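The numbers in UniProt numbering rise by one with no breaks, and the one at position 318 of the sequence shown is 318.
Backbone N, C-alpha and C define an ideal beta-carbon position, used for all residues, glycine too.
Quantities reported herein were computed from a predicted structural model and do not represent experimental measurements.
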Amino acid sequence: MKTPLAILQLYSIHTSTQRYPHGSDPINYSKLLSCYLKSGDIINAGKLFEEIPKRDVVSWSIMIHGYNRNGFRRKSMELFSQMRISSLVPTSFTMVGVLVSIAGLGDPVLGQCVHGLILKYGLDSDFRVVTALLNAYAKCGNVVDSYRVFEQLENPGLVSCSAIVSGFVYNELFEEAVVLFNQFRKLGMVPNAATVLTLIRACVALESRRLCESIHGMVVKLSLVLDVAVNNSVLDMYSSMLDLDAATRVFEGMECRDVISWTTMINLLVCLEYASDALMLFRQMRNTGICNDVVVVMNLISACAILGDLKRGREIHTQAIVCGFGSELPLTNSIIAMYSKCGDLDSSRTVFDQTTGKSLVSWTAMILGCVQNGYPREALKLLIKMRGEESFYLDSIMLIGVLSASGELALLELCQQLHCYAFESGFPRYRLVQNSLISAYSKCGDVEPAYNVFGQMGYIRDIVSWNAILNGYGINGHGEIAVALYHEMRKGRENPDAATYLCVLSACSHSGLVDDGLVIFNQMVEERTIRPSQDHCGCIVDLLARAGCFSDAREFVSRYMEKMGPNAWRALLSGCQLHGNVGLAELAARRVCELDPEEPGQVVLLSNVYASVGRFQDAEALRASMKKKELIKNPGISLLNRIPYDVG
Numbered sequence: 001m002k003t004p005l006a007i008l009q010l011y012s013i014h015t016s017t018q019r020y021p022h023g024s025d026p027i028n029y030s031k032l033l034s035c036y037l038k039s040g041d042i043i044n045a046g047k048l049f050e051e052i053p054k055r056d057v058v059s060w061s062i063m064i065h066g067y068n069r070n071g072f073r074r075k076s077m078e079l080f081s082q083m084r085i086s087s088l089v090p091t092s093f094t095m096v097g098v099l100v101s102i103a104g105l106g107d108p109v110l111g112q113c114v115h116g117l118i119l120k121y122g123l124d125s126d127f128r129v130v131t132a133l134l135n136a137y138a139k140c141g142n143v144v145d146s147y148r149v150f151e152q153l154e155n156p157g158l159v160s161c162s163a164i165v166s167g168f169v170y171n172e173l174f175e176e177a178v179v180l181f182n183q184f185r186k187l188g189m190v191p192n193a194a195t196v197l198t199l200i201r202a203c204v205a206l207e208s209r210r211l212c213e214s215i216h217g218m219v220v221k222l223s224l225v226l227d228v229a230v231n232n233s234v235l236d237m238y239s240s241m242l243d244l245d246a247a248t249r250v251f252e253g254m255e256c257r258d259v260i261s262w263t264t265m266i267n268l269l270v271c272l273e274y275a276s277d278a279l280m281l282f283r284q285m286r287n288t289g290i291c292n293d294v295v296v297v298m299n300l301i302s303a304c305a306i307l308g309d310l311k312r313g314r315e316i317h318t319q320a321i322v323c324g325f326g327s328e329l330p331l332t333n334s335i336i337a338m339y340s341k342c343g344d345l346d347s348s349r350t351v352f353d354q355t356t357g358k359s360l361v362s363w364t365a366m367i368l369g370c371v372q373n374g375y376p377r378e379a380l381k382l383l384i385k386m387r388g389e390e391s392f393y394l395d396s397i398m399l400i401g402v403l404s405a406s407g408e409l410a411l412l413e414l415c416q417q418l419h420c421y422a423f424e425s426g427f428p429r430y431r432l433v434q435n436s437l438i439s440a441y442s443k444c445g446d447v448e449p450a451y452n453v454f455g456q457m458g459y460i461r462d463i464v465s466w467n468a469i470l471n472g473y474g475i476n477g478h479g480e481i482a483v484a485l486y487h488e489m490r491k492g493r494e495n496p497d498a499a500t501y502l503c504v505l506s507a508c509s510h511s512g513l514v515d516d517g518l519v520i521f522n523q524m525v526e527e528r529t530i531r532p533s534q535d536h537c538g539c540i541v542d543l544l545a546r547a548g549c550f551s552d553a554r555e556f557v558s559r560y561m562e563k564m565g566p567n568a569w570r571a572l573l574s575g576c577q578l579h580g581n582v583g584l585a586e587l588a589a590r591r592v593c594e595l596d597p598e599e600p601g602q603v604v605l606l607s608n609v610y611a612s613v614g615r616f617q618d619a620e621a622l623r624a625s626m627k628k629k630e631l632i633k634n635p636g637i638s639l640l641n642r643i644p645y646d647v648g
């Protein structure tokens, strides 16, 4: 970029050429043209070019290269056509500029035409032209002709070899690129930094750890670790494999780090959900004096979202505005998501409403935020608003969020509409969408279409699919089917996880399948792959208490006392209410008060137990003490209300 003084000097020289056009040296014109084009001043370069009394091949070539440098590739080709009309013979410098234009345009027909001109003018022996030609063919997607040109080289050098390998990688022929590179190595070629950067991209795409480690070894052997770009690429390579140990060794071994190095490492920590470490690394980066960029800030916002650290998230949001990143849409979308995940939906909505030029990601972040924070109705209102204001189509992520909202509100008709939309939009093989459909239909009380979706998934089912259908049958009172499906899953290749056991135990509890529930729980304990949690124990207590098996419930409670959370004791208290077991109810109520003193629900339950056995004075006394302490039971929520909806 030219300084203001340099630009003034350019104008001064330009003025002198206008005063004395016939006495000006062509070399001066060429130098001035180059200066204008390097500074990005296309307009004055064009004016000067038109003023040149007698344009030679050098001035034409400079203009062709200059237009390329500034992104005007089609204009560059137009200039070349005009030059040919003027009967000037292009040089190798000219043809390299033309080939760079063709590579940028990606026009294979133009490539073949220019190849003919290269042969006509006898430039096919110039290695710079040939290298530019094979690169142009590769960028146009014509790998066959690119390799054919390469084979015609008698003694291909490092630049040509690197260009053909790069061409293969550009066209996603990753295995072929690695094979070709190995052949060159056997012939004694020593790769440079550019070659290694290309090869790393191929190895990452192949997801071959052996190849990646081999390339890293070569980088060390060739002393390319001193190159920051190469080190960053190696760091990114291990980051793509989520190999934190290897990435850390590379990062700590770097003598020189730039903002890309720090960003890559912070991003890896965020991806692995080591959010606290990511924030700590950011503080180290700031201490080195390196200025953060918008990508770093986005990663920090994601770290705060993972931690649920609202205070830190606000601070980083403020810093982003101060640094001038406030208008960056990708960052704004991350901030909307961060506030939602931290439970501050008001701030999320404020940022969303202030965002101009919202993208589909913006709407998705806000809609998902509403769903995650328990406002499914608001999520659907936003969907309607988006459909009225924007021309966006729902993508898979948005669809999952809206399906979740419709399931929470038990809107069966909307689920059916979204199912049709998913089918028409090509999402029927998206596993996440299918899993969401199963859950949504189940929550709407219609298990048949949920099972149809599950059955159609076939080999793409995962443990989440099984858990969704098990939970679906469980919450709809079909415990026997849930147990049968659980055993079917055990016979297949899927191993149950903690959520699987929770779903099937809950199904047993709702359907009164005491024996099945105990067998499955004992199976989980005996296999020792999953340790029983408070929720698992709560399901068993609920199962036994509902069935009136209080002696078994007492024995279970004493055996797993350390696993008994407040929900398990509440389940026992509810069972006591059903069967009028006052003694055990009082014990359960005391334990709930100890574990969760802010929740008054257990007082109401114990009062109901007293009333069920005719101890009305005790029941009234409990209610009075609750009123005196100003304890208020959380009211129930009705889902009967509906809102108009339309997914288009």
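As assigned by DSSP and simplified to three states, the class of residue i
i	result
residue 122	coil
residue 31	helix
residue 243	coil
residue 341	helix
residue 560	coil
residue 146	helix
residue 155	coil
residue 497	coil
residue 390	coil
residue 97	helix
residue 309	coil
residue 590	helix
residue 62	helix
residue 91	coil
Neighbour-count burial assignment, residue i, 16 or more Cβ in a 10 Å radius
i	result
residue 186	exposed
residue 570	buried
residue 393	exposed
residue 85	exposed
residue 542	buried
residue 200	buried
residue 264	buried
residue 423	exposed
residue 131	buried
residue 119	exposed
residue 562	exposed
residue 663	Any property of residue 663 remains undetermined from this structure, which presents the chain solely from 1 to 648.
residue 29	buried
residue 515	exposed
residue 116	exposed
residue 617	exposed
residue 53	exposed
residue 537	buried
residue 288	exposed
residue 190	exposed
residue 257	buried
residue 510	buried
residue 341	buried
Where the alpha helix (DSSP H) containing residue i begins and where it ends
i	result
residue 455	447-457
residue 224	Note, residue 224: premise wrong, no alpha helix (DSSP H); not H, not E.
residue 396	396-408
residue 47	42-51
residue 473	463-475
residue 370	360-372
residue 285	275-287
residue 533	No alpha helix (DSSP H) contains residue 533, which DSSP labels as neither H nor E.
residue 72	Run containing residue 72: none; DSSP gives neither H nor E here.
residue 428	Looking at the DSSP string, residue 428 is not in any alpha helix (DSSP H), and its letter there is neither H nor E.
residue 481	479-491
Nearest-angstrom beta carbon gap, residue j and residue i [assumed within contact, 8 Å]
i	j	result
residue 535	residue 544	Their Cβ separation, rounded to whole angstroms, is 15 Å, which puts residue 535 and residue 544 out of contact at 8 Å.
residue 371	residue 404	5 Å
residue 294	residue 325	5 Å
residue 67	residue 48	Actually they do not touch by this definition, with Cβ atoms about 14 Å apart.
residue 351	residue 367	With 8 Å as the limit, residue 351 and residue 367 do not qualify as a contact, their Cβ atoms being about 14 Å apart.
residue 141	residue 108	7 Å
residue 517	residue 540	6 Å
residue 173	residue 149	Actually they do not touch by this definition, with Cβ atoms about 16 Å apart.
Three Cβ pairs or more, each shorter than 8 Å: is that satisfied between the stretch 99-119 and the stretch 70-77? Pairwise C-beta distances place the stretch 99-119 in contact with the stretch 70-77, as three or more of them are shorter than 8 Å.
With a cut-off of 8 Å, do at least 3 Cβ pairs link the stretch 164-181 to the stretch 190-198? With a cut-off of 8 Å on Cβ pairs, the stretch 164-181 is in contact with the stretch 190-198, counting three or more such pairs.
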